[in-house]
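Per my numbering, the very first residue in the sequence shown carries number 206; after that it's consecutive. First the structure, in the form of structure tokens, and then the observations on it.
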Amino acid sequence: MRPFRHWPLPGRPKLELPNGARLAVWVAPNIEVYEAGKSPISIGAHTARFDPDPMNDGWRDYGARVGVWRLMEVLERHGFRGSAPINAEACEAYPEIVEAGNERGWCWIAHGKENTTLHGDMEPGVERPLLLEMHETIERLTGRPSRGWLGPGLTETAETPGILAELGYTYLTDWCNDDQPFPLDVSGARMIAVPYSIEVNDIPVFIGGHASAPVYEQMLVDQFEMLHAAAAAADTAYVMAIPVHPFLVGLPFRLRHLERALAHIASHDDVWLTTSDEIADWYLENHYDAALESIGGLAGSSG
Numbered sequence: 206m207r208p209f210r211h212w213p214l215p216g217r218p219k220l221e222l223p224n225g226a227r228l229a230v231w232v233a234p235n236i237e238v239y240e241a242g243k244s245p246i247s248i249g250a251h252t253a254r255f256d257p258d259p260m261n262d263g264w265r266d267y268g269a270r271v272g273v274w275r276l277m278e279v280l281e282r283h284g285f286r287g288s289a290p291i292n293a294e295a296c297e298a299y300p301e302i303v304e305a306g307n308e309r310g311w312c313w314i315a316h317g318k319e320n321t322t323l324h325g326d327m328e329p330g331v332e333r334p335l336l337l338e339m340h341e342t343i344e345r346l347t348g349r350p351s352r353g354w355l356g357p358g359l360t361e362t363a364e365t366p367g368i369l370a371e372l373g374y375t376y377l378t379d380w381c382n383d384d385q386p387f388p389l390d391v392s393g394a395r396m397i398a399v400p401y402s403i404e405v406n407d408i409p410v411f412i413g414g415h416a417s418a419p420v421y422e423q424m425l426v427d428q429f430e431m432l433h434a435a436a437a438a439a440d441t442a443y444v445m446a447i448p449v450h451p452f453l454v455g456l457p458f459r460l461r462h463l464e465r466a467l468a469h470i471a472s473h474d475d476v477w478l479t480t481s482d483e484i485a486d487w488y489l490e491n492h493y494d495a496a497l498e499s500i501g502g503l504a505g506s507s508g
């Protein structure tokens, strides 16, 4: 069951970003930990069941040891702040990343307890205490509560949005189905979806699609150019997300191409380089009520 009603793009109310921007761009560096021997993502599947698994565990660990630090430098150089989906156990494992992210004005998106356990078929009696533990851990170790959610593997149950709303969350990023935020049908809560992306997410690009780094750079530039032009033509605003994983884009041969794409985006004056928290706050304050009126309320899911 989808937690929203169908709402086609044509005919929606006009969106106005701060300072006359046409496009909001946010970067999502995923900070994750994986349970040994059970990782759903690997570069060599033939050893993924082993513990220890030097090849795959080392491949992922490169991101926390090396890749994220280079990525931080690139983002800061071009005026981006990270909106980092982070596992609760990653907050415990990598306090230096949390500290450095806080110093740079990053926001933290709750991303489950760890990145091996998926939520899609989780029972309510298991999920609720897990989400509460996750929420309390992230708040304690980052210094502030998360307001957004990205499920491990982009998974959630029918109960996930409501439980998160009770904990004070205002947005989800699991649904990669739009270029604008939109209201979610969560009883008694003002909750929205903030656009994320599965197609320009570096895992499907590099692991699933086996694309080269130059192709990835061109994908990001093309995504940006088309959204930027479409926003101008329609006299409205769109959102572009750039989901990345430091163990992938943090490798030097890929990072140089990500940096080129980010530099291109940042060279435009009418682009809002922002965070997912700020996008959610802007939409909820300025456009949520008009969106509800346009949709016809939140009378239920479209199924």
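Beta carbons are placed, not taken as given, at the ideal position from N, Cα and C, and that holds for glycine. These numbers were taken from a predicted model, which means no experiment stands behind them.
Alpha carbon to alpha carbon, how far is GLY505 from ARG210?
Taking the sequence shown and counting its residues from 1, the one referred to as residue 505 is at position 300. Taking the sequence shown and counting its residues from 1, the one referred to as residue 210 is at position 5. Unreliable placement is indicated for GLY505, whose pLDDT of 48 sits below 50; the coordinate value is still reported in the next sentence. Going from the Cα of GLY505 to the Cα of ARG210 covers about 7 Å.
Taking only three categories from DSSP, how would you classify TRP487?
As a first step, residue 487 is located in the sequence shown; it is residue number 282 there, counting from the start. Reduced to three states, the DSSP call for TRP487 is helix.
Could you name the residues of the same chain whose beta carbon sits closer than 8 Å to that of LEU222, not counting the 5 residues immediately before and after it, in chain order?
What you label residue 222 is simply residue 17 of the sequence shown in a count that begins at 1. Around LEU222: LEU228, ALA229, ALA442, TRP477, TRP487.
Across the region 252–261 and the region 419–439, are there enough close Cβ pairs to call them in contact, namely three or more that are closer than 8 Å?
Counting Cβ pairs under 8 Å, fewer than three are found: no touch.
So ASP482 and ARG352 are supposed to be a Cβ contact under 8 Å. How far apart are they, rounded?
Along the sequence shown, read from residue 1 onward, the residue named residue 482 stands at position 277. Along the sequence shown, read from residue 1 onward, the residue named residue 352 stands at position 147. Confirmed, Cβ separation roughly 6 Å.
Ordered along the chain, which non-local residues of its own chain (more than five positions away) have a Cβ less than 8 Å from that of SER507?
Counting from one through the sequence shown, the residue named residue 507 turns up at place 302. In this prediction, SER507 scores a pLDDT of 40, lower than 50, which makes its location untrustworthy; the coordinate-derived value is nonetheless stated afterwards. Counting only Cβ-Cβ distances below 8 Å, and skipping sequence neighbours, we find ARG207, PHE209, ARG210, HIS211.
Give the straight-line distance between the Cα atoms of GLU328 and ASP379, rounded to the nearest whole angstrom.
Along the sequence shown, read from residue 1 onward, the residue named residue 328 stands at position 123. Along the sequence shown, read from residue 1 onward, the residue named residue 379 stands at position 174. About 19 Å.
From the DSSP output, in three-state form, read off PRO259 for me.
Along the sequence shown, one-based indexing puts residue 259 at 54. Helix at PRO259.
Write down every uninterrupted run of the beta strand (DSSP E) in the region 412–491 whose length is 3 residues or greater and which is fully enclosed by it, in chain order.
443–449, 476–478, all fully within the region 412–491.
Determine the closest residue to GLY317 out of ARG309, GLY310, GLU344, with distance taken between C-alpha atoms.
Along the sequence shown, read from residue 1 onward, the residue named residue 317 stands at position 112. Looking at the Cα atoms, GLU344 is the closest of the given residues.
Grouping DSSP H, G and I as helix and E and B as strand, with all else coil, what is TYR374?
Within the sequence shown, residue 374 is the residue found at index 169, counting from 1. Coil.
With a threshold of 16 other CB atoms inside 10 Å of the CB of VAL331, please say whether the residue is buried or exposed.
Walking along the sequence shown from the start, residue 331 turns up at place 126. Classification of VAL331: exposed, given that the 10 Å Cβ count is below 16.
Taking VAL232 as part of the beta strand (DSSP E), name the residues at either end of that continuous run.
Indexing the sequence shown from 1 puts residue 232 at position 27. That run of the beta strand (DSSP E) goes 228–234.
Would you mind reading off the limits of the beta strand (DSSP E) that contains PRO329?
Residue numbering aside, residue 329 sits at position 124 when the sequence shown is read from its first letter. Run containing PRO329: none in the beta strand (DSSP E); it sits in the alpha helix (DSSP H), 329–347.
Whose C-beta lies closer than 8 Å to the C-beta of PHE458 among residues of the same chain, with five residues either side of it excluded?
As a first step, residue 458 is located in the sequence shown; it is residue number 253 there, counting from the start. Cβ within range, chain order: ALA418.
Leaving aside the five residues before and after ILE500 along the sequence, list all residues of the same chain whose C-beta is less than 6 Å from its C-beta, in chain order.
Within the sequence shown, numbered from 1, the residue matching residue 500 stands at position 295. Excluding sequence neighbours, ILE500 sits near ARG210, TRP212.
DSSP three-state label for CYS312, please.
Here residue 312 refers to the residue found at position 107 of the sequence shown. Strand, per DSSP.
For ALA363, count neighbouring Cβ atoms within 10 angstroms of its own Cβ and tell me buried if that reaches 16, exposed if not.
Translated into positions along the sequence shown, residue 363 becomes position 158. The residue in question, ALA363, is exposed, as its Cβ has fewer than 16 Cβ neighbours within 10 Å.
Compare the Cα-Cα distances from GLU338 to each of LYS219, GLU490, LEU372 and report the closest residue.
In the sequence shown, residue 338 corresponds to position 133, counting from 1. Looking at the Cα atoms, LEU372 is the closest of the given residues.
Between the Cα of ALA315 and the Cα atoms of GLY356, GLY348, LEU276, which residue gives the shortest distance?
Against the sequence shown, residue 315 aligns to sequence position 110. The option with the nearest alpha carbon to ALA315 is GLY356.
Rounded to a whole number of angstroms, what is the C-alpha to C-alpha distance between ASN491 and ASP262?
In the sequence shown, counting from the first residue as 1, residue 491 sits at position 286. In the sequence shown, counting from the first residue as 1, residue 262 sits at position 57. In a straight line, the C-alpha of ASN491 is about 44 Å away from that of ASP262.
Let me confirm a value: SER288 is counted as buried when at least 16 other C-beta atoms fall within 10 Å, else exposed. Which label applies?
Here the question's residue 288 lines up with position 83 in the sequence shown. Looking at its Cβ environment, which holds 16 or more other Cβ atoms inside 10 Å, SER288 is buried.
What residue from CYS381, GLU319, ASN307 has the CA that sits closest to PRO350's CA?
The sequence position of residue 350 within the sequence shown is 145, counting from 1. The shortest C-alpha separation from PRO350 is found at ASN307.
For the region 283–301 against the region 462–479, are there 3 or more C-beta pairs whose distance is under 8 Å?
At 8 Å Cβ cutoff, the stretches touch.
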